[in-house]
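Each remark here refers to the structure printed beneath this line.
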Amino acid sequence: MTSSPTNSWLAFDIGGANIKAADGQGWSHSEPFAMWQEWKRLPDAIRHIQSLHPARHHAVTMTGEIADCFSERSDGVRHIVQSCCLATGTNNVFFYSVAGVFVNAKEAIHHPLDVAASNWHALARLAGSLAPSGNSWLIDIGSTTTDIVPIFCGKPAPKGLTDWDRLIHDELIYTGMERTPLPTLVHALPHRGTMRPLAREWFATTQDVWLLLDCLEEDSMSDNTADRKPVTRDAARVRIARTMLLEPNAFTLADAIEAAEAIATSQMILIKDAMEPIRQHQQKEDCIVLSGQGETIARKVLSHMNWEPRTISLKHAYGDKISRVAPAHAVALIARQIL
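Just so we're aligned, residue 11 is where the sequence shown starts under the working numbering, counting upward by one.
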């Protein structure tokens, strides 16, 4: 296949909460998309992103097929594949598989588990290009999940390929920088010398924690939060108060920060426990590639472990914008190389 020199490829990473896009040449875009609520609107969302950056060819990776609006993964894959074909007006769309190759729409629908949850594999290939020899590991912390992928001589070397196998092997940890509900991390929080139980409800998420700890930027125009109120520290304070069923007016910013620190520690311990086997087997020349929105968390975990391995930052290598959409960028690069 011959590609045009400019904007020849546009790659999509279609998740359950966000759609990310990149062309492999520096352009990137990310926008919220609640698949479980807006799945019927997916073709329109793809068309909108296309209008921002038209391209001749399209490549896709996905994780959104797991959204509970679909009865099973195969239904989710089918919907995403058909939405991409409908949006582009062609079947000339290619889907990345965990085998490291691209398949067409028909093959993707016939073999849905090959393309389901494939974005981590593409990202691991990008990470491997920065550590082409010996053993290395990708640690990618996003808004929803944490991926820990072994890499050997620049190529992904995971123990599991499916989500369920990766969970067993601690290569997928379902905790992230924004979307993790707080009761999954802690059952009680400190408040003025006492420990208060949490309501097991979706009143607040880790986004509020990292907002309060100044690791996420405020965005007063966004309502992508548990209560649809702004992404601000004061609104996060209110959401944290509600998790303990306290009156927000009597819950100070200092109270909220104390609670946030306790939650952050619990989340970091969860990730640390999954990373511990790496430290036990790592050699001096081995490398850890840090990626994703939660790179700050990964560095805090390493500090908590009193561990100073050789690290490479995807953000430093490619810039913050590309790092935020790294799987889409990776898929675009792979497509440009082999299609």
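Each residue gets a CB set at the ideal place from its N, CA and C atoms; glycine is no exception.
CA-CA distance, Ile281 to Thr154, rounds to 13 Å. In the three-state scheme derived from DSSP, where H, G and I count as helix and E and B as strand, Val335 is classed as coil. Note that the C-beta distance between Asp157 and Leu177 is not below 8 Å. Assignment of Ser38 by DSSP, reduced to helix, strand and coil, places it in the strand class. Ranked by Cα distance from Ile151, the options Val341, Gly302, Gln347 are led by Gly302. In chain order, Leu312 place their CB closer than 8 Å to the CB of Glu318, counting only its own chain and leaving out the 5 sequence neighbours on each side. The beta carbons of Val91 and Ile119 sit closer together than 8 Å.
Under the three-state reduction of DSSP output, Tyr106 falls in the strand class. Scanning the stretch 268 to 315 for uninterrupted alpha helix (DSSP H) segments of 4 residues or longer gives 305 to 314, listed from N- to C-terminal end. The stretch 89 to 107 makes no contact with the stretch 30 to 41, as fewer than three CB pairs between them are under 8 Å. Trp220 has its alpha-carbon roughly 25 Å from the corresponding atom of Asn129. Secondary structure of Thr156 (DSSP, three-state): strand. By the Cβ-count criterion, Pro166 is buried, with 16 or more other Cβ atoms from all chains shown falling within 10 Å of its own Cβ.
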